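Those protein sequences? They're chains A and B, same order as listed. The first sequence begins at 1 in the numbering used here and counts up by one. The second sequence begins at 1001 in the numbering used here and counts up by one. Even glycine gets a Cβ: it sits at the ideal position worked out from N, Cα and C. Here the structure is a predicted model, which means the values were calculated and not measured. Worksheet for the structure shown next.
Protein chains: 2
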Amino acid sequence: MEKPVRIALDAMGGDFGPSVVVPGAAMFLERCSHTRFLMFGDREKIAPFLRAHPRLAEATEVRHTSVAVGMADKPSQALRATRRSSSMWMAIEAVRDGAADCAVSAGNTGALMAMSKVCLRSMAQIDRPALAALWPTLRGRSIVLDVGATIGADAQHYVDLAIMGAAMARSLLDVERPTVGLLNVGVEEVKGIEEVKAASRLLQAIDSPLLDYRGFVEGDDIGRGTVDVVVTEGFTGNIALKTAEGTAKQIRAYLKHSLSANWKNKLGALLAREAFEDLKAKLSPRDANGGVFLGLDGVVIKAHGGGDANAFSGAIEIGCYMVRHGLLQKIGDMMSLANEHAAALEGLAETAPAAEAQEAVTNAPPPDAA
Amino acid sequence: MEKPVRIALDAMGGDFGPSVVVPGAAMFLERCSHTRFLMFGDREKIAPFLRAHPRLAEATEVRHTSVAVGMADKPSQALRATRRSSSMWMAIEAVRDGAADCAVSAGNTGALMAMSKVCLRSMAQIDRPALAALWPTLRGRSIVLDVGATIGADAQHYVDLAIMGAAMARSLLDVERPTVGLLNVGVEEVKGIEEVKAASRLLQAIDSPLLDYRGFVEGDDIGRGTVDVVVTEGFTGNIALKTAEGTAKQIRAYLKHSLSANWKNKLGALLAREAFEDLKAKLSPRDANGGVFLGLDGVVIKAHGGGDANAFSGAIEIGCYMVRHGLLQKIGDMMSLANEHAAALEGLAETAPAAEAQEAVTNAPPPDAA
């Protein structure tokens, strides 16, 4: 039998703290009894919830701290003030010290990222970490990264993101050679910003047996599920994710309004209730899932701050998957393989921008003054 | 009585050409009988549709050309090959030459932008044009720009976008002092890219009586309608727009699937049919509307390439509004007002980046090596 996966939980994270974290862990334990938990937080606040779940209590060791990071705290302040002492920090530290295989927190994203960077450090060969989202699509699920860990990217960072995302896809989506697309404003080679175009040439040159680069994709390709992994930098990725969430909320609000407009609609809504519940479960890119920090020397999962116990159990599940399927090892292997091409790639990166075709419009003839 | 608005139409643009353009114009004429059309395109192909709409035929002058820009043509090639001769070019040229007050085309966006730039040129004081989208929100409609005309922006370009967007909001949304937000990855002042942060300081400094700057907004604020005008550069804006469209399509597909899963759901869907039709009309950010090119010395509207006659009539309506409410004049006035602050602003722009607080995480203490 496999060794149990040991999961460190920030019991105080998220909008609801232990009232969601504890039942979330209990739900996961029902699906996967072979799990051990290290739960960090206020023992007094955790205890009543844990008493309601005796099986979970048996599988759990609570480590007390009365310090918690607030959802609205600034990351730098949270780091300065609660480093070593907060439930969030202690959960991450448990991963660093080998006491746990992964950490899950629904707490303040910026603080979680800052603490993870400082505590776990980056993997060898990776300069900057990324936050990857699991995005529900018409074909299943895709991985979109970076959704906000790092603002801006050069060509090499896009390549790192592609490799990390592909490693995550191999761990999570059960595909041997994930398809990868670079998010751009058009699929033609002349479009977009220089760094994205240069990254595209690098990815074509890598031609990895572990990554099937498919070129540029556009915003509407994400929901369509055109590729397994959508690569973009953190500014655009964060805005795309939140825009999609906003659109989903907007449609829910429209539907609710329309369906209660008259008795026929109300009756219809009542009859088709299952359909709407099904829709609700599928709607939000983040609700049911967790974001994954990639590029760190340890597995850290960000659960949705406003999610319920089911959502939190989903985040634990992702962490568990990542551990069982050797995410860190897969990223390391893929990076090594990519680095075998390093000389060739560097040559390409240097000569590429000069050889680049200009954007169509700037190539246009001068204005007609006639 | 007011002078009729004279509208130049690219009859060959879009996926369906005159079969959508002509009935679209006819629909608009019913709502607004005081309109004259100049229709550019293949006379033989236009004639049968025009015969079905005798009132439109009376209000329309057809100018023949057999040259049309293909939807998949590269913008630079379309410009080189069909400049002066294509229906798209001729419609824009009619605006330049004063024969029409605005041009509407459902054709190739890149070609329309390239031709508009070359034919109409930029307004004084504006370096680069923008494409603005009308975005349905929970509060009504907002303007989002740039959704793809220009990639990348410095602080001053963001300010130009804010001013142009506000002028459009004043013309179209009937608000005297539109609220404006800068799209960012968080609402805190320390977040985001330098150019966006510098633009925020410039907009605070302008403190215009015609523009109410509200600071940063996030992706989910767009659909929420938090502000009248959402400002971003063309790369991120295009991806946000298409991601929202993709999400809307995805939800439609989910709903369709769920609602046909069993007889109860099917019956419910049948009963609530009105609600779904209502939803469909609200769903797509672009379907029912037109994108507006801003910053050019003339009004050019991009209708949705795959839209129906109703969508095309909506695009004509936007153009008509822009003309009646003096969009160009409003942009010019607001630019002049903003330029009165020019000296102060330039001082700010130069000193700003140095005085800027660093991103939270980079301020963090060094990694713990203990």
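Within 8 Å, strictly: CB atoms of residue i and residue j
i, j, result
"B/M1164", "B/L1294", "yes"
"A/A78", "A/A8", "no"
"B/F1037", "B/A1059", "yes"
"B/L1173", "B/R1141", "yes"
"A/A132", "A/G234", "no"
"B/V1185", "A/I151", "yes"
"B/G1268", "B/D1015", "no"
"B/L1210", "B/A1162", "no"
"A/L279", "B/L1279", "no"
"A/G41", "A/F312", "no"
"A/R83", "A/H64", "no"
"A/G13", "A/V147", "no"
"B/L1145", "B/R1224", "no"
"B/L1373", "B/S1116", "The question about residue 1373 of chain B has no answer here: the residues shown for chain B are numbered 1001 through 1370."
"A/A11", "A/D73", "no"
"B/T1236", "A/T109", "no"
"B/L1271", "A/L120", "no"
Residues bridged to residue i [DSSP beta-bridge criterion]
i, result
"A/L131", "A/F293"
"A/E61", "A/L38"
"A/Y213", "A/V180"
"B/C1032", "In DSSP, B/C1032 forms no bridge with anything."
"B/E1143", "For the record, residue 1143 of chain B in the displayed sequence is Ile; it is not Glu. Its beta-bridge partners are B/L1134, B/V1229."
"A/R6", "A/R36"
"B/C1102", "B/I1007, B/V1299"
"A/V20", "Paired residues: none, contrary to the question."
"B/S1122", "B/L1296"
"A/S86", "A/V67"
Residue i versus residue j: straight-line alpha-carbon distance, rounded
i, j, result
"A/Y158", "A/G181", "11 Å"
"A/N339", "B/H1257", "45 Å"
"B/M1334", "B/A1167", "7 Å"
"A/P353", "A/E195", "Note that A/P353 scores a pLDDT of 45, beneath 50, so its modelled location is shaky and nothing firm can be said."
"A/G246", "A/A315", "21 Å"
"A/K264", "A/R252", "19 Å"
"A/P18", "A/I126", "34 Å"
"B/P1178", "A/A199", "39 Å"
"B/T1035", "B/S1122", "27 Å"
"B/D1207", "B/F1216", "15 Å"
"A/A94", "B/R1273", "54 Å"
"B/A1052", "B/D1308", "17 Å"
"A/K266", "B/K1282", "19 Å"
"B/S1171", "B/P1129", "18 Å"
"A/R96", "A/S105", "15 Å"
"A/S33", "A/E277", "28 Å"
"B/E1002", "B/H1325", "12 Å"
"B/P1004", "B/P1054", "19 Å"
"A/E317", "A/H304", "13 Å"
"A/K197", "A/V118", "32 Å"
Assumed close pair residue i, residue j - CB separation to whole angstroms, cut-off 8 Å
i, j, result
"B/M1113", "B/P1075", "7 Å"
"A/G107", "A/M88", "5 Å"
"A/A100", "A/R31", "The pair is not a contact, with the Cβ atoms about 19 Å apart (cut-off 8 Å)."
"B/A1275", "A/A275", "The pair is not a contact, with the Cβ atoms about 12 Å apart (cut-off 8 Å)."
"B/V1022", "B/I1046", "6 Å"
"B/T1243", "A/A244", "5 Å"
From the options, residue whose alpha carbon lies closest to that of residue i
i, options, result
"A/I222", "A/G110, A/L241, A/D160, A/R6", "A/L241"
"A/A91", "A/L279, A/P23, A/K302", "A/K302"
"A/Q329", "A/K117, A/A124, A/R84", "A/A124"
"B/V953", "B/R1080, B/D1160, B/A1057, B/R1055", "There is no way to answer for residue 953 of chain B, as the model of chain B reaches only from 1001 to 1370."
"B/V1062", "B/A1072, B/D1073, B/F1049", "B/F1049"
"B/C1320", "B/S1200, B/R1139, B/V1299", "B/V1299"
"A/D212", "A/D220, A/E218, A/G219, A/V227", "A/V227"
"B/A1169", "B/L1134, B/A1155, B/R1201, B/D1154", "B/L1134"
"A/N238", "B/E1218, B/R1224, B/L1120, B/V1323", "B/E1218"
"B/R1201", "B/G1326, B/Q1156, B/M1322", "B/Q1156"
"A/A26", "A/L270, A/L56, A/I193, A/R214", "A/L56"
"A/I331", "A/D160, A/T109, A/L120, A/V118", "A/D160"
"A/A248", "A/P136, A/G98, A/K197", "A/P136"
"A/I193", "A/T232, A/R214, A/E176, A/D220", "A/T232"
Proximity test, residue i beta-carbon vs the ligand ZN heavy atom, cut-off 7 Å
i, result
"B/R1170", "With respect to the ligand ZN, the structure shown offers nothing to examine, as it has no ligands at all."
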